[in-house]
Every structure is written in C-alpha cells, then in structure tokens.
DNA sequence: GTCTATACAAAGATAGAC
DNA sequence: GTCTATCTTTGTATAGAC
C-alpha cells in the first residue's frame, strides 16, 4: 500500500511539479537542476536518483506538455460526425480555455522545438494532419485555399495572443484582467472571422 | 584612417556576426561564448576584450533585433497621411518580406522577453501604440472592436506562420519552398481577411 | 529513500606574455 | 590587438553514510 495520500506529495511528484514550473517558464538551458531541487524543497541528489539526469526529466515534462497541447485538436481531426463549423468552434474555444490556464505553454513548446527540431519532429502528431478528415472538409468547402493556410489562421488567431501576452502586459498596453476578458470575447469572434475566410470569393 | 575595407572584416564585427547567428538560433542561455568565438574564428579572450561580458554582447544584439522587429510598424503608426487600408497592406507586407529573410526573429525575441519581462518592457516601443494614429483610425472604423484585438489579428496572421514554420517543416507537412510560396500568397490574403473583420457587423 | 560530501565537467572571465 | 594559460563559478552526477 502506497503511503502517499492526497495531502502529502511524494518526493518524485514534488520534483516533477517544480520541474514543470521552471522548465516551462525558463526553458531547458536556463533552468538549473539546483533551482528545481530548491523549488521542490528536496536535496539535489534526489533529482538524479529519481530521474537519472536533467535531460531525462526534461523529456518527461516535454512529452506531457506536447500531449496537452495537441490533445485539443487530436480527437477532433478525424471525427466524421462533427461538421467543419463545429470543429472550428470547438478547437478555438478549447484552446482558449486551456491556454488561459497555461499561458506559457505555446512559447515553451515552440522555443524548445526550435532548439532541437529533429528530436521532436518524429514525436509530434502533426504528420497525420495532412490526411485528416478536417483537411478533407476544408478542401471541399474552399478548394482555392490551401488547408495549411487555414490552419495557420486558426492557430494564429487563437494561440498568438497568448504568445504576445507577456509583451502586451509588461508594456502597459493591457492588464491581466482585460487580457482575459478579451480572450473570452475571442471565443465568439474567431469562429466568425474564420467563417468569413471560408466564404466563396 | 581605418585599415578595415569592405572585404576584410574587423574582429569586433566578426564576433557580432557570430553572436547574431548563435543567439538568435539558440537563445542566450544555450549559447556558449566558446561557440561564438569558434564561429567567429577568433580567440575566446577577445570576446571579453571587446564586449566585456557575454551579457553585454547579448544586450547589444537584442537591441538590434528589437529595432528590426518594431521598425516595420513604428514609422507607420502615427503617419496621418496614410489610410488605415494602406497601413494594413504595408505592415503585413513588410513583415512578411522581413521575416522571410529572418524567420527566427519572432521566436527569438518573444522567448527572450519571456525570460526577462521587466528588463525589456521599458525599452519596447510598444507603450506608444495605445495613443497612436493607427489606433485612432481603428476606433473610428470599428468602435465595437478593441484595437488590441485587431492588432493581435494582424500580427497573429502575419507573424505566427513563421513561428510555426519549424514545426510544420520538420513534421513533413510542408517544404521550405511551399512555405515561402504560401507566405507570398498571404501578402494579398491577409489584407483581404482583415478588411472583412473591419466591416460593420 | 534520503542526505552529505565531493568529484568532475563546462563555462565565463582575466592576467600577463608577445 | 591577440594569444596562452589559468582562475572562479556554476552545474551535473555519483559514492557512500544513515
């Protein structure tokens, strides 16, 4: 029987929590194992005891985050029972909700991929997108626009504000609160804008 | 009289060129001064001789890049002789041209700002945007949409594809060549999409 | 499983010769 | 201005006691 209850967290879990915080905030290279240990309130040696190395620990966290990030689109991609319109609303809405809770996610994932493109390329569930039902729907609806162009728009309109957030808030152009309000608004605006893009021209 | 001619580059300049390449590709933390020295083909000690420290050198490059990045919008912001429509076309067009030459720029700037938000906040020319002529034009044209929302769209549609580029290319969803072609297309598409967003609803 | 102590490696910075 | 050699600091990993 595990001695861990909901109120006392195992050392292993403490390290993972601290690693999640620091890695996603500062990235791999700028994060010190000593800082993780301190943040977790444990001894530095235990990090290596449980996870063998900084890199192994990082990969664990990274895979978790990639799953989070692509989990929003994944299940919808090939669902033939959902209309294009519904997919758009669901994807952008779910992303905004998820990113409101994890605003640092996109910048973290994208910058780490940039540093090691080939290492993560194979593990990304993106390769299937090209043959997905969503792409088929897009081609039918608007043959003269490459589905990738549309995907860039969907993600750009949804994800980019969260990437800009630190800049906008720090520059005083926006407060945390008004940012969140605007993101809520966008859940209705984005589908409207995307719908216009798919109109026959 | 300087002995430097156009064909032989001064040591100082060699270091700056190497630093530009490595910092923008890997970020501050992951870049080693030894790598910069090697890339520049100079002795490690010379880096400190010319720039005192890694950090000083980095700040120099960073300021350069911020100037590049915001230079595209800056001059247009308060130009009262340019219509809103023209501003949109110019901004997105110029950005796409500039980013086609410097695709790593946005991810570099945004991830470094994320690591040190307050350090760069003051130096960003973004605070003036709120009082700009562009924002005034946007408020007049479409009072029910917050200008920031529009700015997010303009930048999201323009800049985000370049942020996604490594992911898209590495996952095999796109080749370098088709990416560039699509970006050229977007120079006409983006203004069209944005125009639709500013229509009376 | 957890901690102390320490080895080992890498990175940034500098002194001093040329 | 440039180089070699070296110092210091910081970061990662491990050995061994409890």
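Protein chains in written order, with the working numbering: chain Y, 1 to 201; chain V, 1 to 201. All C-beta atoms, glycine included, are put in the ideal place defined by N, C-alpha and C.
- Comparing alpha-carbon positions, the option among V:14, V:10, V:158, V:65 lying closest to residue 93 of chain V turns out to be V:158.
- The distance from the Cβ of residue 31 of chain V to that of residue 22 of chain V is about 5 Å, consistent with a contact at the 8 Å cut-off.
- At a cut-off of 8 Å, the C-beta of residue 94 of chain Y has no neighbouring C-beta in chain V.
- Within chain V, no C-beta atom comes nearer than 9 Å to that of residue 37 of chain Y; the closest sits roughly 18 Å away.
- When 9 Å is used as the limit between beta carbons, residue 146 of chain Y is near these residues of chain V: 178, 182, 185, in chain order.
- Apart from the 5 residues on each side of it in sequence, residue 191 of chain Y sits with its Cβ closer than 7 Å to the Cβ of 88, 89, 92 in its chain, given in chain order.
- Taking each of V:42, V:132, V:25, V:33 in turn and checking the Cα distance to residue 9 of chain V, the smallest one comes out for V:42.
- Flagged as an interface residue toward chain V: residue 117 of chain Y, by a C-beta distance shorter than 8 Å.
- Across the set V:183, V:189, V:130, V:154, the C-alpha of V:130 shows the shortest separation from the C-alpha of residue 174 of chain Y.
- In the DSSP assignment, residue 9 of chain V falls outside any alpha helix (DSSP H), carrying neither H nor E.
- Not a single unbroken stretch of the beta strand (DSSP E) spanning 3 or more residues falls wholly within the segment 72-110 of chain V.
- In the DSSP assignment, residue 34 of chain Y falls within the alpha helix (DSSP H) that extends over 33-40.
- Residues of the segment 148-165 of chain V with a C-beta atom less than 9 Å from some C-beta of chain Y are 148, 149, 151, 152, 153, 155, 156, 157, 158, 159, 160, 161, 163, 164, listed in chain order.
- Within the segment 86-114 of chain V, contact with chain Y at the beta-carbon level (separation under 8 Å) is assigned to 104, 107, 110, 111, 113, 114.
- Look at residue 167 of chain Y: its C-beta is under 8 Å from a C-beta on chain V.
- Below the 7 Å Cβ cutoff, chain Y contributes no neighbours of residue 141 of chain V, its closest Cβ being approximately 16 Å away.
- Taking a contact to require three or more Cβ pairs closer than 8 Å, the segment 133-140 of chain V and the segment 67-81 of chain V qualify as touching.
- Residue 68 of chain Y sits in a helix when the DSSP states are folded into three classes.
- Using beta-carbon distances, residue 77 of chain V does not count as an interface residue toward chain Y, since no partner is under 8 Å.
- The Cβ atoms of residue 105 of chain V and residue 68 of chain V lie closer than 8 Å to each other.
- At a beta-carbon threshold of 7 Å, none of the residues of chain Y lie near residue 132 of chain V; the nearest stands roughly 11 Å away.
- Here residue 125 of chain V carries a coil assignment [DSSP, helix/strand/coil].
- Distance between residue 59 of chain Y and residue 27 of chain Y, taken at the CA atoms: about 12 Å.
- Per the coordinates, the alpha-carbon of residue 115 of chain Y lies some 32 Å from the alpha-carbon of residue 188 of chain V.
- In the displayed model, residue 145 of chain V falls within coil according to three-state DSSP, outside both helix and strand.
- For the options V:143, V:51, V:19, V:52, the alpha carbon positioned closest to that of residue 38 of chain V is the one of V:19.
- With at least 16 other beta carbons inside 10 angstroms of its own, residue 197 of chain V counts as buried.
- Scanning Y:83, Y:33, Y:166 for the CA closest to the CA of residue 107 of chain Y turns up Y:166.
- Taking C-beta atoms as the reference points, residue 155 of chain Y and residue 150 of chain V fail to come closer than 8 Å.
- For residue 174 of chain V, at least one C-beta of chain Y is nearer than 8 Å to its own C-beta.
- Among the residues of chain V, those whose CB is under 7 Å from the CB of residue 129 of chain Y are 173, following chain order.
- By the CB criterion at 8 Å, residue 103 of chain V and residue 51 of chain V fall outside the cutoff.
- Per DSSP, reduced to three states, the secondary structure at residue 198 of chain V is coil, with no helix or strand assignment.
- The residue from V:183, V:200, V:141, V:56 with its alpha-carbon nearest to that of residue 97 of chain V is V:183.
- It is roughly 15 Å from the alpha-carbon of residue 194 of chain Y to the alpha-carbon of residue 139 of chain Y.
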